[in-house]
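2 protein chains.
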Amino acid sequence: MRAIPADSIYEQNLAKNSANYVPLAPVSFLKRAADVYPDHPAVIHGEKRYSYRELQARARRLASALEAKGVVPGDTISIMSPNTPAMIEAHYAVPAIGAVLNPLNIRLDAQTIAFILGHAESKVLLTDREFSPVIKQALAMLSKKPWVVDIDDLATSGERLGEVEYERLLESGDPEKPLDLPADEWQAIILSYTSGTTGDPKGVVYHHRGVYLNALTNVAAWAMDKHPVYLWTLPIFHSLGWCFPWTIPIMGGTQICLRKVDARVIYGLIAKYGVTHLSGAPIVLNTLVNAKDDEVTSFPQRVKVTTAASPPPASVIEKIEARGFDVLHLYGLTEVFGPMTICEWQYAWNELPAARRAELKARQGVAYPSVEEVHVVDPATMIDVPHDGKTMGEVVERSNTIMRGYLKNPRATQEAFAGGYFHSGDLAVRHPDGYIELKDRSKDIIISGGENISTIEVESVLYKHPAILEAAVVARPDEKWGETPCAFVTLRDGASASAEELIVFCRQHLAAFKTPKTVVFCQLPKTSTGKVQKFILRQKAKEIR
Amino acid sequence: MRAIPADSIYEQNLAKNSANYVPLAPVSFLKRAADVYPDHPAVIHGEKRYSYRELQARARRLASALEAKGVVPGDTISIMSPNTPAMIEAHYAVPAIGAVLNPLNIRLDAQTIAFILGHAESKVLLTDREFSPVIKQALAMLSKKPWVVDIDDLATSGERLGEVEYERLLESGDPEKPLDLPADEWQAIILSYTSGTTGDPKGVVYHHRGVYLNALTNVAAWAMDKHPVYLWTLPIFHSLGWCFPWTIPIMGGTQICLRKVDARVIYGLIAKYGVTHLSGAPIVLNTLVNAKDDEVTSFPQRVKVTTAASPPPASVIEKIEARGFDVLHLYGLTEVFGPMTICEWQYAWNELPAARRAELKARQGVAYPSVEEVHVVDPATMIDVPHDGKTMGEVVERSNTIMRGYLKNPRATQEAFAGGYFHSGDLAVRHPDGYIELKDRSKDIIISGGENISTIEVESVLYKHPAILEAAVVARPDEKWGETPCAFVTLRDGASASAEELIVFCRQHLAAFKTPKTVVFCQLPKTSTGKVQKFILRQKAKEIR
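Structure, rendered in structure tokens:
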């Protein structure tokens, strides 16, 4: 870091002023889109269609109505909603009055929701009527309740819990009230709770600066053309929807809402609206790949699909590309605004066979363009591991797109930032070409006879077996070895395979100590974002006799 | 502006740290490109070709060699060079040691150069040998001389003025020395002098933050694909080359150097390297349009051309698009990092006839995506003029892409930022669709019998006359009317037209008071960036009897 001294000629009478220094805030993108493309469709949801002029007016109405209700800067506004116009509008309106939006994971149980609403000190809760039962339970557990607004969206029939319905609230607002910038770009914009596998959820606090930068960087990372059409197959509540609610207006694009991931509906929308981009966990890719013929509507365009959360099996990448999708593979975490790395494509790879191309694409890759540094380090010394594709280390990062920390949790915040880097808790190797390949979550790694086993490596072998739809591997306690690999698998419809057969298959591709000793056939438990819940499987593995 | 209070839960234990707050600095883009695309061609110049690995190594060598010579943060390093690898390398290396790069306009006279080197307190001067004569003169005028490095580029044979040649200097540097970030993103990065038409040139001080943001925004504004090939028809010394030295690495692209604008060479390079983007003043467009058949090499791709500096006549836009170029029209100033507005294309315009489309495209447009606010205001009240396409006002702006101010010139800085906005000094109208159309520089406007006359309006009529290659209109003092329009025109090769004929032609398209009363046939005097020097023409107009 080089500092110009205060007595330099460059530091005299050249201070920031209101003309040349504007807080970076993503609401600016909506304001510009409403100025430049007022009549372009901004949001489409079923029969509803809002232009940028209308979207801005709705966001202004919501902002002013919340202020009229007494919301002030620093207040928390929670929202329980799938990917609807109200959800998108809240992402602009709430930050524009200095308040902090807290999107809730719609799969959560009442107790966790009650914990979050209490911990976040929510002043207002906007809630889609589909979730009235669980929200009602949660509210009953709270001594200090937020003011509740019901959202009537398409075909929902849940009980009304609040004083006012969302559209009525909007009617009371002022469509001319300007959307405001934060006084400081470091101010909190969103509060998102991680679905912790142990202990209470932690509240990740995001800042305006990071959202602005990540939203703009997404355009470069995807090499996005003007007027993209973005389909919401990713839950917006998950890691800021990777900032796409704010990226799309930069390019004057259209957001297509979607309440549920359903192959037939997705293919239909892609064809109807000429969708150009979508994103999601590998489960979304799986849904698209495994769609039955009568669920698929053909479409002429290529659709760019960004996937993250866990490495997509090479076989899935190969199949989905044949269906008209180009896959971009990212890796990241809730704490880093979504993407931390991107598997940038190299020209030279075009020459390789399809299977090898898919393998390369399944690696997590290099720093996302907004990220300053990504390292794979020995956590004890913070020294980079050799780029040998073998030595495992922890992925750590420096970037403007990292959370401020965890709300009311200084200890967890300090741990996350130990040594001046953000610690991902993920284990990876670095290949000679600099690309990172994830090996495991630190807590997922299996240690058998003193050897580390990457569960991801074992899973990728299982995925190559034609009978297997999904697979997850965890540690099973073992008296002799300490732990051994235990595989949980779901077979394809109509396919069959025995445990012995799968173990023999694995042994052909893996060292003996890495080969699963146990195979269990079942449906895999998942989070709302499609991540396999390994803590449940670990518990099951312990209980196997 | 909404401020979250200091006692809010969102302001406890959530301060910036070295992991989540990184100064925005464009050198980060080169570092990432060298990591991700080490073997991709970064810079091509004649037979020379540097990969990103090599470009970074050369920048590191330059940075470390300058430090070894005693350069410290806040020092000024001047450079006199056309668009060469050395020029690009300096844009990365100098900021990476906290020093400030001062690119000189290569068309300047010795006296002005001496003024700038003295005013900027230049410690080092890198100078291409083509300019040895004028630099030698300039150095002779200075009591305190910078340390001089000669740049041997292609086919230059000027006298050596310094102790060391650029490539030798690089050899003395360390190719492994990391490029550094500034301690603060607000630090000065570039110092660029405006070619003031009166008085001494003013030194525009740019900051790292603005360059980073503008470079990244260029990707979105051009909807740039991966691996663009950018041809340097714009002088890099002019308004930071609109930040393209830093934009291209974001997308892993290639910069093609060019010492001089020459139609045959440009067409040759476009065909040879598959150029995708270039930019320049309308004079560059004119060069491409008016190229003789034997100067044109055909090419298969469409080339995106960004033009600024003065509105391109609709007739030129129409012709250049027929030659394989898609024109993007920007408007801006040195003080605002290049672009302030962009003529964003609207779908609905596709339906219009070609001539009308070109007219719409010749308007200056709407806020560039990095710009927070652009207004056309009554300068006395700072109130927006009506969006009626008629009422003229001054263009003012708020943006992170505005200079810190003028070096050692607090009075000019204060004037530029009067009322909390940057004042462009340009006069425009705002159309009902929100698009801005420039009418004139405030100092260029003609006031005849109390009526304002836009010289641009009169010029655009002259450009429609088939015999006219170039035209410029200025005020001529008049006893009766105060001022009257006086046209200076250059005819096309082989074309002829009388003054009377041109006046009659203008009268058919313009009100009588706007029609030129005088027509002078001549070559137009221009600045190095292709802008017509109206102050010379105004002087000539005064002297007409």
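Protein chains in written order, with our numbering: chain P, 1 to 545; chain F, 1001 to 1545. Backbone N, C-alpha and C define an ideal beta-carbon position, used for all residues, glycine too.
- Neighbourhood of residue 1106 (chain F) in chain P, by CB distance below 8 Å: empty, with the nearest CB roughly 24 Å away.
- Against chain F, the beta carbon of residue 144 (chain P) has no neighbour under 7 Å; the closest one sits roughly 14 Å away.
- Assignment of residue 75 (chain P) by DSSP, reduced to helix, strand and coil, places it in the coil class.
- The criterion of a C-beta distance shorter than 7 Å is satisfied by residue 33 (chain P) and residue 52 (chain P).
- If you draw a straight line from the Cα of residue 1539 (chain F) to the Cα of residue 177 (chain P), it is about 50 Å long.
- If you look at residue 461 (chain P), you'll find it in the alpha helix (DSSP H) that goes 455-462.
- By the C-beta density criterion, residue 87 (chain P) is buried, having at least 16 other C-beta atoms within 10 angstroms.
- By the criterion of a C-beta distance shorter than 6 Å, residue 1245 (chain F) is surrounded in its chain by 1088 and 1091, once the five residues flanking it on both sides are discounted.
- When the alpha-carbon of residue 227 (chain P) is set against those of P:15, P:41 and P:57, the nearest one is in P:41.
- For residue 534 (chain P), same chain residues with a beta-carbon under 7 Å away, outside a window of 5 residues either side, are 444, 472 and 474 in chain order.
- Under the three-state reduction of DSSP output, residue 452 (chain P) falls in the strand class.
- Cα atoms of residue 518 (chain P) and residue 476 (chain P): separation of roughly 8 Å, rounded to the nearest angstrom.
- Within the stretch 1100-1126 of chain F, the residues whose Cβ lies closer than 8 Å to some Cβ of chain P are 1100 and 1121, listed in chain order.
- Restricting attention to P:205, P:27, P:225 and P:537, the CA atom closest to the CA of residue 119 (chain P) is found in P:205.
- Where residue 246 (chain P) is concerned, there is no enclosing beta strand (DSSP E), although the alpha helix (DSSP H) around it starts and stops at 244-250.
- Residue 1214 (chain F) has a beta carbon lying at 7 Å or more from every beta carbon in chain P.
- One Cα belongs to residue 165 (chain P), the other to residue 187 (chain P), and the distance between them is close to 29 Å.
- Counting along the chain, residue 1112 (chain F) sits inside the alpha helix (DSSP H) bounded by residues 1110-1119.
- For residue 1233 (chain F) and residue 220 (chain P), the gap between their C-alpha atoms comes out near 24 Å.
- Taking 7 Å as the cut-off, the beta carbon of residue 420 (chain P) is found no closer than this to the beta carbon of residue 1008 (chain F).
- Residue nearest to residue 306 (chain P) within the set P:404, P:189, P:283 and P:299 is P:283 (criterion: CA-CA distance).
- Put simply, the stretch 520-529 of chain P touches the stretch 488-498 of chain P. At least three CB pairs are less than 8 Å apart.
- In this model, residue 1044 (chain F) and residue 184 (chain P) are separated by some 42 Å (Cα to Cα).
- Listed by position along chain P, the residues whose Cβ is nearer than 8 Å to that of residue 1350 (chain F) form an empty set, because the closest Cβ is around 12 Å away.
- Less than 7 Å separates the beta-carbon of residue 1073 (chain F) from that of residue 2 (chain P).
- Inside the stretch 470-512 of chain P, DSSP marks whole beta strand (DSSP E) runs of 3 or more residues at positions 482-491, from first to last along the chain.
- Chain-ordered, the chain P residues with CB closer than 9 Å to the CB of residue 1367 (chain F) read 32, 35 and 36.
- Looking from the CA of residue 1061 (chain F), the closest CA among F:1247, F:1101, F:1022 and F:1169 belongs to F:1169.
- Contact annotation: in the stretch 1170-1184 of chain F, residues whose CB is within less than 8 Å of a CB in chain P are 1180, 1181, 1182, 1183 and 1184.
- The stretch 1349-1361 of chain F makes no contact with the stretch 1392-1399 of chain F: fewer than 3 CB pairs, one atom from each, lie closer than 8 Å.
- Per DSSP, reduced to three states, the secondary structure at residue 1542 (chain F) is helical.
- With contact defined as three or more Cβ pairs closer than 8 Å, the stretch 495-508 of chain P and the stretch 464-471 of chain P are in contact.
- Residue 1326 (chain F) carries a strand assignment under DSSP once its states are collapsed to helix, strand and coil.
- Within the stretch 1052-1072 of chain F, contact with chain P at the beta-carbon level (separation under 9 Å) is assigned to 1072.
- Under the three-state reduction of DSSP output, residue 1091 (chain F) falls in the helix class.
- Given a length threshold of 4 residues, each whole run of the alpha helix (DSSP H) inside the stretch 24-72 of chain P is given here in chain order: 27-36 and 52-68.
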